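Colleague: Read top to bottom, the protein sequences are chains D and P.
Sequential numbering of the first sequence, starting at 48, is according to my numbering.
Sequential numbering of the second sequence, starting at 3, is according to my numbering.
Think of the CB as a built atom: it goes at the ideal place given N, C-alpha and C, for glycine as much as any other residue.
Fair warning: this is a prediction, and the values are worked out from it, not measured in the lab.
Once you've had a glance at the structure underneath, I'll fire off some questions.
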Amino acid sequence: MSDTWKEKLYEPSDELIAVQNVNYEGQEPIIEGEELISINNVDLSYTGKTGPIKALENINFNIFPKEFICVLGPSGCGKSTLLKILAGFISPTAGSVKLDGEEIHGTDWHRGVVFQHPPLYEWFSVRTNVAFGPKMRGVPKEEYEPLVEEYLKKVNLTEFADKKIYELSGGMKQRVSIARALINDPEILLMDEPFGALDALTRESVQDLTRKIWWDTGKTIFFITHDVEEALLLASRIIVLSKHPGRVIEDIQVNFSRQIVEDLVTDIKFSPEFYKYREKLLRLINSQE
Amino acid sequence: MKKKWGIERYLTIVTILAVFGLWFGLTATGAFSETIIPSPASVWESFLDVAKDGYKGHTLLEHLGTSLERLVIAYLLVVVTAVPLGLLSGYNSKIRAILEPIVEFYRPLPPLAYYTILVLWMGIDESSKLALLYLAGFAPVYINCVSGVIRIKEDYINGAKTLGASKKQIFFYVIFPAALTDVFTGLRTALGVEYTTLVSAEMVAATAGMGWLVLDASNYLRSDVVFMGVIIMGITGVLLDRIIRFVEHKVVHWKGRT
Chain D
48 MSDTWKEKLY EPSDELIAVQ NVNYEGQEPI IEGEELISIN NVDLSYTGKT GPIKALENIN
108 FNIFPKEFIC VLGPSGCGKS TLLKILAGFI SPTAGSVKLD GEEIHGTDWH RGVVFQHPPL
168 YEWFSVRTNV AFGPKMRGVP KEEYEPLVEE YLKKVNLTEF ADKKIYELSG GMKQRVSIAR
228 ALINDPEILL MDEPFGALDA LTRESVQDLT RKIWWDTGKT IFFITHDVEE ALLLASRIIV
288 LSKHPGRVIE DIQVNFSRQI VEDLVTDIKF SPEFYKYREK LLRLINSQE
Chain P
3 MKKKWGIERY LTIVTILAVF GLWFGLTATG AFSETIIPSP ASVWESFLDV AKDGYKGHTL
63 LEHLGTSLER LVIAYLLVVV TAVPLGLLSG YNSKIRAILE PIVEFYRPLP PLAYYTILVL
123 WMGIDESSKL ALLYLAGFAP VYINCVSGVI RIKEDYINGA KTLGASKKQI FFYVIFPAAL
183 TDVFTGLRTA LGVEYTTLVS AEMVAATAGM GWLVLDASNY LRSDVVFMGV IIMGITGVLL
243 DRIIRFVEHK VVHWKGRT
C-alpha cells in the first residue's frame with residue numbers, strides 16, 4: 048500500500064493557534080482525490096410532543112479515504128443521530144448520503160459500526176464473535192479462520208479467543224467489538240462514543256490501539272465523542288456540531304494523532320499547541336450549552 | 003455454580019424438619035381424627051401398600067407414569083409449537099397481531115372453564131386431557147417468547163445487520179439465543195401450570211393418574227392416600243423443575259452473568 052496518503056493528510060502549519068476553518072460545504076476536497084462519503088444537505092427531524100423537532104440541519108461535508116474524523120459536540124447535538132444515518136439505521140428527512148457516489152439505503156457490511164455498549168453475543172465465544180461477519184456473509188471457513196486469528200492479534204486478544212464474553216472486562220469487550228467490525232474490511236468504521244463507558248486507563252490503551260490500527264491499516268474512521276481531548280488525540284480532522292439543531296460549526300484538521308504514532312511524541316497533551324486547540328474547541332462547545 | 007452450605011440451607015432443613023415434627027406431634031396427641039390429619043405412619047403405610055398392591059387396579063408407578071405421560075406429551079407439544087410461534091410473533095408484528103389476541107383471551111380463563119368445551123369436542127378420553135394441558139402450557143411459553151424477542155436490545159440486531167447477516171440469520175443466530183433466557187422462564191412456568199392443571203384434567207372420566215388417585219381417595223375419605231398422593235406430586239413437581247433448571251443452566255450458561 049502506498050503511504051503517500053499519510054503525507055497528504057497534514058500540511059505542516061506554523062499557525063496552529065489560528066485554527067483554520069477548512070470549508071465544510073464540500074466544495075474543495077481537503078485531500079486530493081475522490082471522496083468516500085458525501086453528505087449533502089442532510090436534515091433530520093423527528094416528531095416530538097409539540098411538533099417536529101429538528102435534530103440535524105443542513106449537514107454538508109465529505110469524508111475522504113483514510114481520514115480519522117472525530118465529531119464533537121455538546122450532548123443532544125445529534126452527533127449519534129448523524130452516525131446512525133451513516134450506518135443506515137435511520138434515513139435523513141432531507142438530503143442524501145452517498146458512499147462511492149451511490150446513495151446508501153439501510154445497513155450493510157461496508158459500513159462497520161462499533162457501538163458504545165458493545166452488543167457482543169454472549170452465546171458465542173470471543174473467537175466466534177469475531178468470526179460472525181465473514182461467517183454470515185458465507186466466506187468459506189478456511190478463508191476466515193486465519194483472518195480471525197489475525198484480527199484477534201491486532202486487538203491483543205489472542206489468549207482470550209476461547210473465553211466467554213462475560214469473562215471479559217469492558218475494555219476487552221470493546222476490542223472484540225472493533226475486531227469484529229474490522230474483519231469485514233468495511234470501507235468505513237463508524238464508532239459511536241465507543242470508549243465513553245471505560246475508565247481512564249483502559250480508555251487510553253484502547254485509544255492507542257485504535258490510533259495504531261488506523262495508521263497501520265489506513266482505514267477510514269468516523270468517530271463520535273464528547274471528549275475534546277480524545278478527539279485531539281485521535282483525529283486527523285475534527286468536526287464540531289452545534290446544539291439544537293446540530294449544524295457543522297467547525298471543521299479543522301489536526302495532526303496530534305500523527306505526531307503520536309509517527310514521530311512517537313509522548314506527552315503531547317502537555318504541549319502548548321495541544322493546549323491551545325483544546326481551549327479553542329472547549330470554548331466553542333461550551334458556547335453552545 | 004458452587005454448592006455453598008450457608009446458613010440459608012440449614013434454615014431450609016430446619017423448616018422441613020419442623021413441619022414434620024409438627025405433623026408427628028399433632029397426630030400423636032390424638033386430638034385430630036385420621037380423616038382430618040392422618041399420622042405420618044399411616045401415610046407411610048399407605049405408600050408402601052399402594053406401591054406394592056396398587057390403588058384400584060393400578061400400582062403407584064402406573065398412576066404416576068400415566069400422569070407423567072400426559073404431562074410430557076402435552077409439554078413436548080408446547081415446546082415444539084409455542085416456542086417457534088412465540089419467537090416468530092416477537093419478530094414479526096403481523097404474526098403477533100394474529101396470535102396474540104387469541105392467547106390473551108383464553109390465558110386468564112380457569113382451565114376447567116374451557117375443559118368442558120374440549121370434552122364436548124374431543125371426547126372424554128385422552129385427547130381432551132392432552133389438549134387441556136397443552137393449552138395451559140402454551141400461553142406462558144408463548145408470552146415469554148414474545149417478550150423475550152421484544153426485549154432484545156436494538157443494537158444486537160443492528161450490529162448483526164452491519165456485519166452482513168440476513169434476516170433469517172439474525173433470527174437463528176441472534177434473536178433465538180438472545181431470547182433463550184425468557185424462553186426458559188416460560189418453559190418453567192408452563193411446567194408448573196400444566197402440573198396444577200393435571201388434577202383438573204384427571205377429574206373427568208379418568209381411571210388412572212395421580213390426580214385421579216387423590217380425587218378418588220378423597221371421595222372415600224382415605225386421607226392417608228390423599229396425603230401420600232399430594233406429597234408424591236409435590237416431590238415430582240420439584241424434581242421436574244430441577245430438570246428444567248439443570249437444562250437451562252447448561253444451555254443458557256451466560257444467564258445472570260452479563
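#1: Tell me where the alpha helix (DSSP H) around Tyr197/P begins and ends.
#2: Give me whichever residues DSSP pairs with Val161/D in a beta bridge.
#3: Relative to the C-alpha of Ala141/D, which residue among Lys101/D, Ile296/D, Pro241/D and Leu248/D is closest?
#4: So which residues of chain D does Lys155/P contact, with C-beta pairs closer than 9 Å?
#5: Quick one: does Met219/D have its CB under 8 Å from some CB of chain P?
#6: Quick check: is the beta carbon of Glu242/D nearer than 8 Å to any beta carbon in chain P?
#7: Evaluate the contact criterion for the stretch 305 to 315 of chain D versus the stretch 141 to 154 of chain D: three or more CB pairs, one atom per stretch, below 8 Å.
#8: Could you give the distance in angstroms between the alpha-carbon of Tyr222/P and the alpha-carbon of Leu200/P?
#9: Closer than 7 Å between beta carbons: that is the criterion. Which residues of the stretch 118 to 129 of chain D meet it against chain P?
#10: Leaving out five residues on either side along the sequence, give the residues of the same chain with a beta carbon under 7 Å from the beta carbon of Leu89/P.
#11: Give me the chain P residues within the contact set of Phe115/D, using Cβ-Cβ distance strictly less than 7 Å, ordered along the chain.
#12: Is it buried or exposed, Tyr322/D, if we count other Cβ atoms within 10 angstroms and call 16 or more buried?
#13: If Ile84/D and Ile286/D are in contact, beta carbons under 8 Å, what's the gap, nearest whole angstrom?
#14: Which ranges would you report for the alpha helix (DSSP H) in the stretch 18 to 60 of chain P if only whole runs of at least 4 residues count?
#15: So with Cβ pairs under 8 Å, would you call Trp256/P a contact of chain D?
#16: Going by DSSP, what residues sit across from Val295/D in a beta bridge?
#17: Is the CB of Asp90/D under 8 Å away from at least one CB in chain P?
#18: Specify whether the stretch 186 to 198 of chain P and the stretch 184 to 192 of chain D touch according to this definition: at least 3 beta carbon pairs, one from each stretch, less than 8 Å apart.
#19: Quick check on DSSP: helix, strand or coil for Phe269/D?
#20: Unbroken beta strand (DSSP E) runs of length 3 or more, entirely within the stretch 78 to 117 of chain D: which are they?
#21: Compute the beta-carbon to beta-carbon distance between Pro165/D and Ile230/D, rounded to the nearest angstrom, for a pair I have assumed lies under 8 Å.
#22: For Leu284/D and Leu245/D, what's the separation of their Cα atoms in angstroms?
#23: According to DSSP, is Glu309/D part of a helix, a strand, or is it coil?
#24: Between the alpha carbons of Pro103/P and Pro113/P, how many angstroms are there, rounded?
#25: Any idea if Ala247/D is buried or exposed, counting beta-carbon neighbours within 10 angstroms, 16 or more meaning buried?
#26: So, are the CB atoms of Tyr117/P and Leu134/P less than 8 Å apart?
#27: Please name the residue in Ile246/P, Arg224/P, Trp256/P and Ile237/P whose C-alpha comes closest to that of Asp51/P.
#28: Along chain P, in chain order, which residues have C-beta atoms closer than 8 Å to that of Thr154/D?
#29: For the beta strand (DSSP E) containing Ala210/P, list its first residue and its last residue.
#30: Return the bridge partner residues of Leu146/D from the DSSP annotation.
#31: CB-CB under 6 Å to Pro121/D, same chain, minus the five flanking residues each way: which ones, in chain order?
#32: What's the gap between the Cα of Thr94/D and the Cα of Leu70/P?
#33: What's the C-alpha gap between Arg72/P and Ala33/P?
#34: Over the uninterrupted alpha helix (DSSP H) stretch that includes Ala99/P, give me the two end residues.
#35: Give the interface partners of Pro2/P over in chain D, defined as CB-CB distance under 9 Å, in chain order.
#36: Leaving aside the five residues before and after Glu204/P along the sequence, list all residues of the same chain whose C-beta is less than 6 Å from its C-beta, in chain order.
Modeller: By the coordinates alone:
#1: Phe178 to Ala203
#2: Met238/D
#3: Lys101/D
#4: His164 and Pro166
#5: no
#6: Here the sequence assigns Phe to residue 242/D, which means Glu is not the residue at that position. Not closer than 8 Å to any Cβ of chain P, the Cβ of Phe242/D fails to qualify, so no.
#7: no
#8: 21 Å
#9: none
#10: Cys147, Val151, Ile177, Phe178 and Ala181
#11: Residues of chain P passing the Cβ test: none, with the nearest at roughly 19 Å.
#12: exposed
#13: 13 Å between Cβ atoms; not a contact.
#14: 42 to 55
#15: yes
#16: Leu288/D
#17: no
#18: no
#19: strand
#20: 84 to 95 and 98 to 110
#21: No, Pro165/D and Ile230/D are not in contact; Cβ-Cβ is about 14 Å, not under 8 Å.
#22: The displayed chain sequence assigns Arg, not Leu, to residue 284/D. Approximately 23 Å between the Cα atoms of the pair.
#23: coil
#24: 18 Å
#25: exposed
#26: yes
#27: Arg224/P
#28: Asn160, Lys163 and Thr164
#29: Premise fails: Ala210/P is in no beta strand (DSSP E) and is neither H nor E.
#30: Ile84/D and Glu149/D
#31: Lys290, Ile332, Gln335 and Glu336
#32: 55 Å
#33: 40 Å
#34: Ser95 to Tyr108
#35: No answer is possible for residue 2/P: it lies beyond the span of chain P, which begins at 3 and ends at 260.
#36: Gly211, Gly213 and Trp214
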